[in-house]
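Peer 1: Sending over a structure as structure tokens; questions will come in a sec.
In my numbering, the protein residues as written are 724 to 968.
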């Protein structure tokens, strides 16, 4: 199974989109001494008024290149690593997070983006920058956009036929501090995950109606079976009922 491989520390990490993978990759690369994982580029911005060099402001802007760094330097087969890690998340919450980040924040269903990047899909898009309800209603059309499909692809499909028994350590998204502690022990220094890829407005579980919630349950039926010892639809139903009150 492909994932992040640390030959030096003999562990592998299977990253899954929308399960804190950007933050975890960033922390791992920093711990391994690859500081260009997320780097700062100096850019110049001129003030609206005035002239002269003194009127230019140097700005440090973060350019997130963490995924390319992992693909170029740390990607490998984790099957033979002494320790194999994975972080898991409730499928409904992962789906909502993907919508918030990819649609509302990154604008990957904006008209300009679709016209430029996916001209063949463009005529079939029912609504650009859809609401969460519109996104669910027409999801099978929207998933033809690569970024949407990648970030919403079911958890189980990333495991290449394996189940959770493949991993030596599994951490719930709500308990990332336990993973930080584990990695701190491995690297013999404090490891903490930066807060990254959190952009986007906040539609939540309470913004869904029951039919929409059931659609997501069905979409991720295999994932709920895979994660049955950690997450169950009835837990989300309880949370949904609380949010709707």
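Where is the CB? At the ideal position from N, CA and C, for every residue including glycine.
(1) Which of helix, strand or coil does DSSP assign to residue 825?
(2) Using the Cα positions of residue 724 and residue 800, report the straight-line distance between them to the nearest angstrom.
(3) Short check: CB of residue 887 to CB of residue 952, under 9 Å?
(4) For residue 754, which residues of its own chain have a beta-carbon under 8 Å away from its beta-carbon, when the five flanking residues on both sides are left out?
(5) Would you kindly report the start and end of the unbroken beta strand (DSSP E) that includes residue 800?
(6) Can you tell me whether residue 784 is buried or exposed, with buried defined as 16 or more other CB within 10 angstroms of its CB?
(7) Can you tell me where the beta strand (DSSP E) with residue 727 in it begins and where it stops?
(8) Just to confirm, are residue 811 and residue 868 a CB contact at a threshold of 9 Å?
(9) Taking all protein chains shown into account, decide if residue 891 is buried (16 or more other Cβ within 10 angstroms of its Cβ) or exposed.
(10) Could you pull out every unbroken alpha helix (DSSP H) segment of at least 4 residues lying fully inside the region 929-962, listed in chain order?
(11) By a C-beta neighbour count over all protein chains shown, 10 Å radius and 16 as the cutoff for buried, is residue 956 buried or exposed?
(12) How far does the alpha helix (DSSP H) with residue 901 in it reach, from first residue to last?
(13) What are the uninterrupted segments assigned as alpha helix (DSSP H) that are 4 or more residues long and contained completely in the region 859-888, given in chain order?
(14) Reducing DSSP to helix, strand and coil, say where residue 807 ends up.
(15) Which value, in whole angstroms, describes the spacing of the CA atoms of residue 904 and residue 958?
(16) Using CA atoms only, rank isn't needed, just tell me which of 935, 823, 747 and 902 is closest to residue 852.
(17) Three or more beta-carbon pairs under 8 Å between the region 871-887 and the region 939-953, yes or no?
(18) Ordered along the chain, which non-local residues of its own chain (more than five positions away) have a Cβ less than 8 Å from that of residue 839?
(19) To the nearest angstrom, how far is the alpha carbon of residue 883 from that of residue 807?
(20) Can you check DSSP and say which residues form a bridge with residue 848?
(21) Cβ of residue 836 within 9 Å of Cβ of residue 939?
Peer 2: On the basis of the coordinates in this document:
(1) As a first step, residue 825 must be located in the chain shown, where it is residue number 102. The answer is helix: DSSP assigns residue 825 an H, G or I state.
(2) As a position in the chain shown, residue 724 is number 1, starting the count at 1. As a position in the chain shown, residue 800 is number 77, starting the count at 1. About 5 Å.
(3) The sequence position of residue 887 within the chain shown is 164, counting from 1. The sequence position of residue 952 within the chain shown is 229, counting from 1. It is a contact, given that the beta carbons lie within the stated cut-off.
(4) Against the chain shown, residue 754 aligns to sequence position 31. Answer for residue 754: 906, 910, 912 and 914, listed in chain order.
(5) Position 77 of the chain shown, counted from the start, is the residue given in the question as residue 800. 798-800 is the span of the beta strand (DSSP E), which, as asked, contains residue 800.
(6) Position 61 of the chain shown holds residue 784. Since pLDDT at residue 784 reaches only 46, below the 50 mark, its modelled position is unreliable, and no value is offered.
(7) The residue given as residue 727 occupies position 4 in the chain shown. 725-729 is the extent of the beta strand (DSSP E) around residue 727.
(8) In the chain shown, counting from the first residue as 1, residue 811 sits at position 88. In the chain shown, counting from the first residue as 1, residue 868 sits at position 145. Not in contact: residue 811 and residue 868 (Cβ atoms no closer than 9 Å).
(9) Position 168 of the chain shown, counting from 1, holds the residue named residue 891. Answer is exposed; the Cβ neighbour count stays below 16.
(10) 933-942 and 944-949
(11) The residue given as residue 956 occupies position 233 in the chain shown. Burial call: buried.
(12) Counting from one through the chain shown, the residue named residue 901 turns up at place 178. Segment 899-910, the alpha helix (DSSP H) holding residue 901.
(13) 862-865 and 869-875
(14) In the chain shown, counting from the first residue as 1, residue 807 sits at position 84. Strand at residue 807.
(15) Counted from its first residue, the chain shown places residue 904 at position 181. Counted from its first residue, the chain shown places residue 958 at position 235. Whole-angstrom Cα-Cα distance: 27 Å.
(16) Along the chain shown, read from residue 1 onward, the residue named residue 852 stands at position 129. When only C-alpha atoms are compared, the closest one is 823.
(17) yes
(18) For the purposes of this step, residue 839 is taken as residue 116 along the chain shown, with counting starting at 1. Taken in chain order, the list of residues that qualify is empty.
(19) The count along the chain shown starts at 1 and reaches residue 883 at position 160. The count along the chain shown starts at 1 and reaches residue 807 at position 84. Between the alpha carbons of residue 883 and residue 807 lies a distance of about 15 Å.
(20) Against the chain shown, residue 848 aligns to sequence position 125. Beta-bridge pairing links residue 848 to no other residue.
(21) In the chain shown, residue 836 corresponds to position 113, counting from 1. In the chain shown, residue 939 corresponds to position 216, counting from 1. It is not a contact, given that the beta carbons lie outside the stated cut-off.
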